[in-house]
Each structure stands twice: as structure tokens, then as C-alpha cells.
Amino acid sequence: REKRLTLPPSEITLL
Amino acid sequence: PGVLEPTSTLVRVARTASTLGIAIEGGANTRQPLPRIVTIQKGGSAYNCGQLRVGQVILEVNGISLRGREHQEAARLIAEAFKTKERDHIEFLVTEFN
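The following block contains the structure:
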């Protein structure tokens with residue numbers, strides 16, 4: 091499955 | 032048998048500064064399915080604690096699992112855990128492994 095490769099990068103949140 | 036439990040560590044971060052001072056990336060439906068620490072800001076509570084490291088993945092906050100939570104929700108849970116007046120600390124379950 092190639093599904094994992096198509097997942098988008100995440101945004102970054104400062105806490 | 033045959034399944035290795037990744038090492039996880041419980042880290043208690045006292046509220047020693049007005050900010051927690053970590054940046055996280057990741058969450059459900061992204062390439063990084065659990066939130067990962069990407070920055071620790073000098074002078075923040077996390078920095079002062081001395082036990083959190085860049086690259087660690089946060090599995091739980093105050094006993095709440097972050098598995099399956101999208102980025103915004105995971106960030107909200109951590110922010111709320113830091114703000115709650117019921118405790119003077121946050122507990123993170125972290126692992127070095129992705």
C-alpha cells in the first residue's frame with residue numbers, strides 16, 4: 091500500500 | 032512474543048514558567064501520526080523540567096491518549112492540561128520511538 095506516502099505533513103503548533 | 036514494547040517514560044513537568052514552551056508537529060492523518068516535540072524553548076516550563084527532548088513522541092498527556100487525535104485536538108489537549116488550575120504540573124508519557 092502506498093497510502094502512507096500520500097499522508098500530508100503536519101502543521102506545527104507552539105504551546 | 033516477538034513484539035517489542037517501545038520504551039516509554041513518564042515525565043512530570045511542573046508549571047515553573049508562564050508558558051509550556053514546546054512546539055509539536057503531527058497528529059492523526061498526517062505523516063507523523065502522534066505529536067512529536069520539534070522545539071523546546073529556553074526558559075519555558077518544559078525546558079526548566081529538563082526531562083523532555085526534541086524528537087520525543089507524546090503518547091499521553093495527564094493519562095489521556097493522543098492516539099487518533101488530529102493535530103489541533105492534540106495541541107488543544109496539551110494546552111488545556113497546562114492551563115488547568117487543578118494541578119501544578121502536567122504528566123507526559125513520551126517515547127523516543129516513532
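Going down the list, the sequences are from chains G and P.
Residues in the first sequence are numbered from 91 upward in steps of one, following my numbering.
Residues in the second sequence are numbered from 32 upward in steps of one, following my numbering.
Heads up, the beta-carbon is just placed ideally off N, CA and C, and yes, glycines get one too.
The structure presented is a predicted model; accordingly, all values stated were derived computationally and were not measured.
Query raised in the report: Between the Cα of residue 125 of chain P and the Cα atoms of P:114, P:109, P:117, P:115, which residue gives the shortest distance?
Result: The candidate whose alpha carbon is nearest that of residue 125 of chain P is P:109.
Query raised in the report: Between which two residues does the beta strand (DSSP E) containing residue 97 of chain P stretch?
Result: Residue 97 of chain P: not part of any beta strand (DSSP E); DSSP gives it neither H nor E.
**Report entry** Exposure of residue 66 of chain P, with buried meaning 16 or more beta-carbon neighbours within 10 Å
**Finding:** Taking all protein chains in view, the Cβ of residue 66 of chain P is crowded by 16 or more other Cβ atoms within 10 Å, so the residue is classified as buried.
Query raised in the report: Which stretch, first to last residue, makes up the alpha helix (DSSP H) that contains residue 29 of chain P?
Result: This structure cannot settle anything about residue 29 of chain P, because the visible part of chain P is limited to 32 through 129.
Query raised in the report: On the premise that residue 59 of chain P lies in contact with residue 99 of chain P, defined as a C-beta separation below 8 angstroms, what is that separation, rounded to the nearest angstrom?
Result: About 5 angstroms separates the two Cβ atoms, so the contact holds.
Query raised in the report: What are the residues of the segment 43-57 of chain P that lie near chain G, defined by any Cβ-Cβ distance shorter than 7 angstroms?
Result: Listed by position, the residues of the segment 43-57 of chain P near chain G (Cβ gap below 7 angstroms) are 51, 53, 54, 55, 56, 57.
Query raised in the report: What residues match up with residue 85 of chain P in a beta bridge as DSSP calls it?
Result: For residue 85 of chain P, which the question treats as bridged, DSSP gives no partner whatsoever.
Report task. Identify whether residue 76 of chain P lies in helix, strand or coil by the three-state DSSP scheme. Result -> Of the three classes helix, strand and coil, the one that applies to residue 76 of chain P here is helix, per DSSP.
Report task. Return helix, strand or coil for residue 96 of chain G, following the three-state DSSP convention. Result -> Here residue 96 of chain G carries a helix assignment [DSSP, helix/strand/coil].
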